[in-house]
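Participant: With the numbering used here as the guide, the letters of the sequence shown map in order to residues 637 to 957.
Ideal Cβ placement from N, Cα and C applies to all residues, glycine included.
Bear in mind the structure is a predicted one, so any value in this text is a computation, not a measurement.
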Amino acid sequence: MPEVPDEELVVALRDGELAAFDRLYVRYERRLYGYIRRIVGESAVADDLFQDVFLKVLRDRSYDPERGRFAPWLFAVARNACLMAQRSERSHASLRERAQVQLRPAEAAPPDVRVGEAARVQAAMAALPEAQRQLILLKQLGELSYREIAGLMGVAEGTIKSRLHAATQAFRRLLTEEAPPMKCEECDASLIDYAYDELAPEPRRAVTRHLAECAGCAVAYCRLRADLDGALQAAHEAPPPAVRERLRAAVEREFRPSWWRRGLALVQRPVPAYAVVAALVLPAALWLVRESGRDDVATSTSPRVRGYDAAAPPLIHRPIL
Numbered sequence: 637m638p639e640v641p642d643e644e645l646v647v648a649l650r651d652g653e654l655a656a657f658d659r660l661y662v663r664y665e666r667r668l669y670g671y672i673r674r675i676v677g678e679s680a681v682a683d684d685l686f687q688d689v690f691l692k693v694l695r696d697r698s699y700d701p702e703r704g705r706f707a708p709w710l711f712a713v714a715r716n717a718c719l720m721a722q723r724s725e726r727s728h729a730s731l732r733e734r735a736q737v738q739l740r741p742a743e744a745a746p747p748d749v750r751v752g753e754a755a756r757v758q759a760a761m762a763a764l765p766e767a768q769r770q771l772i773l774l775k776q777l778g779e780l781s782y783r784e785i786a787g788l789m790g791v792a793e794g795t796i797k798s799r800l801h802a803a804t805q806a807f808r809r810l811l812t813e814e815a816p817p818m819k820c821e822e823c824d825a826s827l828i829d830y831a832y833d834e835l836a837p838e839p840r841r842a843v844t845r846h847l848a849e850c851a852g853c854a855v856a857y858c859r860l861r862a863d864l865d866g867a868l869q870a871a872h873e874a875p876p877p878a879v880r881e882r883l884r885a886a887v888e889r890e891f892r893p894s895w896w897r898r899g900l901a902l903v904q905r906p907v908p909a910y911a912v913v914a915a916l917v918l919p920a921a922l923w924l925v926r927e928s929g930r931d932d933v934a935t936s937t938s939p940r941v942r943g944y945d946a947a948a949p950p951l952i953h954r955p956i957l
C-alpha cells in the first residue's frame, strides 16, 4: 500500500480527520524532537517547543501543500522557534552549554552504539559552531536536500553545499583528533555528496566503482558513514508520552469538526452500489407485499365463498314459484 504524502495528511487534518495527526506524529516525533533537543538542550524547554511548533505548523494556513514538501516547512518553523527561545530572557546559559547533548538512561542508547562512542560524538557535535551544527542537524535529522536547506537559510544552494562540506569535515576532525590517520590521504571530492545521497546517477556510479577499487577510500567512506550514523543515532530521541497526550488533546480541540460538519461529511460519503439497489428495490417489494395482503383480506371477508352467497336467505325461505 503506497504511503500517504505528508501534504495530504496536513490537508486531511485541517478537514477534521484526526487520524491524520497520528500518522504525522509518528513520522516526525523523533526527528523533530531530536532536532529541538539538540539546539535548546533543556528537556523542559524542548517539550514546550515541540508542542508549540507542531500546533503552529498545523494551524498556519499560509502553508500551501502544492508549493513544496512539508518537512522543510516544519523544520523552518522549528529552527525559528529555537532561535527565539535562545534569545529569550529565560535562557541564561551560553549556547555551548545549552547545546550539550543529554542522553537519557542507558536503555535509550541504541544497542549498537557504545556509551563511550556516543559520548565522543556528542562532544564533537557540541564543539561545533552553532551554524555548522544547524546544517548537520538539518541534513541528518531533517533529511532535507541542499536546495531545501538553501531556501530555509535564504542563501544559494552552492553556498549550502560548501558550508555543509566544511561542517562535516570539521565534525570529522573533532572525532578523529585522537584516532590514527586515514590510510588514504586524499578522499574523493564527491565522497560527502555520496554519503548524503546527493549525487546524480552517473557520478554516483563512478564513485561506487572508485570505492570498489580503492581500499583507502573505501575505509574513509566507511568511517564517514559510521560517524554520520552515530550522530544521527545519538540525536534521535522520542518526546515523553505526556507531551504526546497534551498535543493530541490540543489537536482534538482545535481540529475536531462541529456537529454540522460531521453530518455533512456523512452525507457526502460515496454510497455503495448495493445500497442504491436496496434503496430502489426495497420500497417496491414492500408495496407488493402490502397489496397482496389487501387482496387476501378482501377474499376472506367476502359474502361469496366458492359460489355460495352467504347474504341470500336460506333455501327454505325462498319462494318456490
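Please report the Cβ distance between residue 683 and residue 913, rounded to the nearest whole angstrom; I am assuming they are in contact, meaning their Cβ atoms lie under 8 Å.
Facilitator: Against the sequence shown, residue 683 aligns to sequence position 47. Against the sequence shown, residue 913 aligns to sequence position 277. In fact, because the Cβ distance is near 54 Å, the residues do not count as touching under 8 Å.
Participant: Buried or exposed, going by whether 16 or more other CB atoms sit within 10 Å of the CB of residue 587?
Facilitator: No answer is possible for residue 587: it lies beyond the span of the chain, which begins at 637 and ends at 957.
Participant: Could you give the first and the last residue of the continuous alpha helix (DSSP H) run that contains residue 708?
Facilitator: On the sequence shown, position 72 is the one that residue 708 refers to. Residue 708 -> alpha helix (DSSP H) spans 706-723.
Participant: DSSP three-state call for residue 661: helix, strand or coil?
Facilitator: As a first step, residue 661 is located in the sequence shown; it is residue number 25 there, counting from the start. In this structure, residue 661 counts as helix in the three-state DSSP scheme.
Participant: Secondary structure at residue 679, three-state DSSP: helix, strand or coil?
Facilitator: As a first step, residue 679 must be located in the sequence shown, where it is residue number 43. Of the three classes helix, strand and coil, the one that applies to residue 679 here is helix, per DSSP.
Participant: Once you ignore the five residues that flank residue 810 on each side, which residues in its own chain have a CB closer than 8 Å to its CB?
Facilitator: Here residue 810 is taken as the residue at index 174 of the sequence shown, counted from 1. Correct list, in chain order: 759, 760, 763 and 764.
Participant: With 16 other CB atoms within 10 Å as the buried threshold, where does residue 839 fall?
Facilitator: Counted from its first residue, the sequence shown places residue 839 at position 203. Exposed, by the Cβ-count rule.
Participant: Please determine, among 915, 681, 786 and 886, the residue with the shortest C-alpha to C-alpha distance to residue 692.
Facilitator: Position 56 of the sequence shown, counting from 1, holds the residue named residue 692. Out of 915, 681, 786 and 886, 886 has the C-alpha closest to the C-alpha of residue 692.
Participant: Put residue 742 into one of helix, strand or coil per three-state DSSP.
Facilitator: By one-based count along the sequence shown, residue 742 stands at place 106. Here the model assigns residue 742 a pLDDT of 36, short of 50, so the residue's position is not dependable, and the following value carries that caveat. Residue 742: helix per DSSP, three-state reduction.
Participant: Could you tell me which of 789, 721, 847 and 779 sits nearest to residue 663, measuring between CA atoms?
Facilitator: Translated into positions along the sequence shown, residue 663 becomes position 27. For the residues 789, 721, 847 and 779, the minimum Cα distance to residue 663 belongs to 779.
Participant: Among the residues of its own chain, which have a CB less than 7 Å from the CB of residue 876, if the five just before and after it don't count?
Facilitator: Sequence index remark: in the sequence shown, residue 876 carries index 240 (1-based). If we look at residue 876 and ignore the five residues flanking it on each side, its Cβ neighbours are 683.
Participant: Determine contact between the region 709-718 and the region 668-682, defined as no fewer than three beta-carbon pairs at a distance below 8 Å.
Facilitator: The region 709-718 is in contact with the region 668-682.
Participant: On the three-state DSSP scale, how would you describe residue 826?
Facilitator: Here residue 826 is taken as the residue at index 190 of the sequence shown, counted from 1. Residue 826: coil per DSSP, three-state reduction.
Participant: So for residue 833, helix, strand or coil by DSSP?
Facilitator: Within the sequence shown, numbered from 1, the residue matching residue 833 stands at position 197. Coil, per DSSP.
Participant: Hey, residue 847 and residue 854: beta-carbon distance below 8 Å or not?
Facilitator: Looking up residue 847 in the sequence shown gives position 211. Looking up residue 854 in the sequence shown gives position 218. Yes; because the gap between Cβ atoms is below 8 Å, this pair is in contact.
Participant: In this structure, how does DSSP classify residue 693 when only helix, strand and coil are distinguished?
Facilitator: In the sequence shown, residue 693 corresponds to position 57, counting from 1. Note: residue 693 maps to helix in three-state DSSP.
Participant: Identify every run of the alpha helix (DSSP H) within the region 753-819, keeping only runs that are complete inside it and at least 4 residues long; order them along the chain.
Facilitator: As far as the region 753-819 is concerned, its whole alpha helix (DSSP H) runs of at least 4 residues are 766-776, 782-789 and 793-811.
Participant: Run the CB neighbour count on residue 723, radius 10 Å, all protein chains shown included, and call it buried at 16 or more, exposed below.
Facilitator: Position 87 of the sequence shown, counting from 1, holds the residue named residue 723. The residue in question, residue 723, is exposed, as its Cβ has fewer than 16 Cβ neighbours within 10 Å.
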